[in-house]
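Trainee: Numbering (full-length UniProt numbering), first residue to last: 1 to 516.
The beta-carbon is built from N, C-alpha and C at its ideal position, and this holds for glycine as well.
Since the model is a prediction, treat every value here as computed from it, not as a measurement.
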């Protein structure tokens, strides 16, 4: 798990990001010819090489001149891509990185705006040198939030933190006004950039990923015009997504119609859980079940290698950094009402054992819109509760590796029967026990099957408090609470192996063997 990546896989961390970065809307600026190099973007390790569509600034047709390697090129539409951070971009970044050894280079159409509430410029270092990155603008909900914040409206408190009420109000408004989502403006610009890149030649297949669902509409338009093989990747269900509720039956009907068009046009639809595959096969009984493919999220052993290297160096300088038992929740804390079960349980533990206020830390690392000043006052946990901003991905993994235990929170209810956070695989590969508060579903099954921890139901505050007390007692006794999952059990979730599966899907549809 901590070994370097297998030979032939592109490594990260040892170089500056070298992908060719193009802004299709930027023309005629001084020093921006086909080989002009801009300085590094502030806060980024990427070298920006801008090439522009047009007679004198056309990008090389890398995949058009096959050469000995017979490399193909994939056109990817992904709004969430470095330097944006969070779990949403990991799936696409790792796909692009690890597809290359299987013969696929990538051209990624993404946003040029840093308008998301979580940023991680360190991820730019992982983008392969052979990748093209086409960055385009377009109005989004994030842009509106930034504009309001700059005008003095308290909607975005800090990087990694947004005002939940303001964001939900904005999201409610866009549900009425914009279909399918607030990224439709970006989708139009992305489509134009994709069309321009297709005219240059050398593109063999399309890959679109949601959310936002608007990315699939760009893919649909290109599929209908150019008939390229197309994979539509669903990280969440379109209709029935936990963060979306249509304001009227008319809106819901429009979403169903758009989803149906995408599903019928795509050659393959990849989904992150087997339960989600079953749902879509049932939803579209007229289609070949083989169209819907299970492609889970995963973890990258190379990330763990770097995290442990960095952490070892930090520990050598400060061997006494943690003097309490840390229950860590890593990643975004949004749409997780189950957190209240945990906070109430922690309050009970401290009430029964005042020394727990010294020995226990419940730490939330990452974007947070569930716990505000009201919740902090309500539970009165004082120093026990720690809310920290987002960290770079590898630094976040280092925090996981040295935590006493890891907290996994579900959405609760029917959503847990279909979905689970992608970070579960990093939890499973961390070697730390997992305390999960969620309803029955694939996440609960996975934790039990791997013996990675304990699963408790939302609302069962007494059981969660008892679990916290047991973890704290074991820590005080100096017991080893490490979890050892066999490497062969983890191997199917390694990012390189998942990219190999994606390569197989692409090879199948690119060869013309996809079922209609």
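For the pair the stretch 256 to 276 and the stretch 212 to 219, tell me if three or more CB-CB distances fall below 8 Å.
Mentor: yes
Trainee: Out of 102, 357 and 246, which one is the CA nearest neighbour of residue 502?
Mentor: 102
Trainee: Counting along the chain, where does the beta strand (DSSP E) carrying residue 72 start and finish?
Mentor: For residue 72, the uninterrupted beta strand (DSSP E) run begins and ends at 72 to 77, by DSSP.
Trainee: Taking only three categories from DSSP, how would you classify residue 330?
Mentor: strand
Trainee: Mind checking who residue 294 pairs with in its DSSP beta bridge?
Mentor: 271
Trainee: From the DSSP output, which residues share a beta bridge with residue 210?
Mentor: 234
Trainee: Please state whether DSSP places residue 338 in a helix, a strand or coil.
Mentor: coil
Trainee: First and last residue of the alpha helix (DSSP H) that includes residue 262?
Mentor: 249 to 265
Trainee: With which residues is residue 437 paired in a DSSP beta bridge?
Mentor: 409 and 456
Trainee: Residue 332 and residue 504 - do their beta-carbons sit closer together than 9 Å?
Mentor: no
Trainee: Could you tell me the distance, in whole angstroms, from the CA atom of residue 195 to the CA atom of residue 249?
Mentor: 34 Å
Trainee: Are there three or more Cβ pairs, one per stretch, closer than 8 Å when the stretch 490 to 498 is compared with the stretch 367 to 377?
Mentor: The stretch 490 to 498 vs the stretch 367 to 377: no contact.
Trainee: Just checking my contact of residue 116 with residue 84 at CB under 8 Å: how many whole Å lie between their CB atoms?
Mentor: 5 Å
Trainee: Can you give me the Cβ contacts of residue 254 inside the same chain, cut-off strictly under 7 Å, excluding the 5 residues immediately before and after it?
Mentor: 179
Trainee: Have a look at 296, 298 and 280 and flag the residue whose alpha-carbon is nearest the alpha-carbon of residue 290.
Mentor: 280
Trainee: Measuring straight from C-alpha to C-alpha, what distance separates residue 111 and residue 123?
Mentor: The alpha-carbon atoms of residue 111 and residue 123 are separated by roughly 15 Å.
Trainee: Here's the rule I'm using: 16 or more other beta-carbon atoms within 10 Å means buried, otherwise exposed. How should residue 479 be labelled?
Mentor: Exposed: under 16 other Cβ atoms inside 10 Å.
Trainee: Using DSSP with H/G/I as helix, E/B as strand and the rest coil, what is residue 483?
Mentor: coil
Trainee: Might you give, ordered along the chain, the residues of its own chain that have their beta carbon closer than 8 Å to the beta carbon of residue 448, omitting 5 neighbours on each side?
Mentor: 455
Trainee: Please state whether DSSP places residue 99 in a helix, a strand or coil.
Mentor: In the three-state reduction of the DSSP assignment, residue 99 falls in the helix class.
Trainee: Please report the straight-line C-alpha distance between residue 417 and residue 407, rounded to a whole angstrom.
Mentor: 18 Å
Trainee: So is residue 312 buried or exposed if we call it buried at 16+ other beta carbons inside 10 Å?
Mentor: exposed
Trainee: Please confirm if residue 97 has its CB atom under 9 Å from at least one CB of chain C.
Mentor: Structure shown: chain C not included; a single protein chain is present.
Trainee: Is residue 387 helix, strand or coil when you go by DSSP?
Mentor: strand
Trainee: Could you tell me which of 129, 105 and 135 sits nearest to residue 79, measuring between CA atoms?
Mentor: Of 129, 105 and 135, the smallest CA-CA separation from residue 79 is found for 135.
Trainee: Leaving out five residues on either side along the sequence, give the residues of the same chain with a beta carbon under 7 Å from the beta carbon of residue 485.
Mentor: 428, 450 and 452
Trainee: Use the C-beta contact count for residue 227: other C-beta atoms within 10 angstroms, 16 or more gives buried, fewer gives exposed.
Mentor: exposed
Trainee: Is residue 130 helix, strand or coil when you go by DSSP?
Mentor: Residue 130: coil per DSSP, three-state reduction.
Trainee: Hey, residue 339 and residue 371: beta-carbon distance below 9 Å or not?
Mentor: yes
Trainee: Between the alpha carbons of residue 410 and residue 419, how many angstroms are there, rounded?
Mentor: Roughly 9 Å separates the two Cα atoms.
Trainee: Buried or exposed: residue 88, going by 16 or more other Cβ atoms within 10 Å of its Cβ?
Mentor: buried
Trainee: Excluding the five sequence neighbours on either side, which residues of its own chain have a C-beta within less than 6 Å of the C-beta of residue 463, listed in chain order?
Mentor: Around residue 463, the same chain offers 456 as residues with beta carbons nearer than 6 Å, after the five sequence neighbours per side are excluded.
Trainee: Taking three-plus beta-carbon pairs below 8 Å as touching, is the stretch 302 to 311 in contact with the stretch 269 to 288?
Mentor: They do not touch, by the three-pair rule.
Trainee: Check the DSSP bridge columns for residue 364 and list the partner residues they point to.
Mentor: The partner list for residue 364 (beta bridge, DSSP) reads 329 and 387.
Trainee: According to the neighbour-count rule (16 or more other Cβ atoms, all chains shown, within 10 Å of its Cβ), is residue 286 buried or exposed?
Mentor: Burial call: exposed.
Trainee: With respect to the beta strand (DSSP E) encompassing residue 107, which residues constitute its N-terminal and C-terminal limits?
Mentor: 104 to 111
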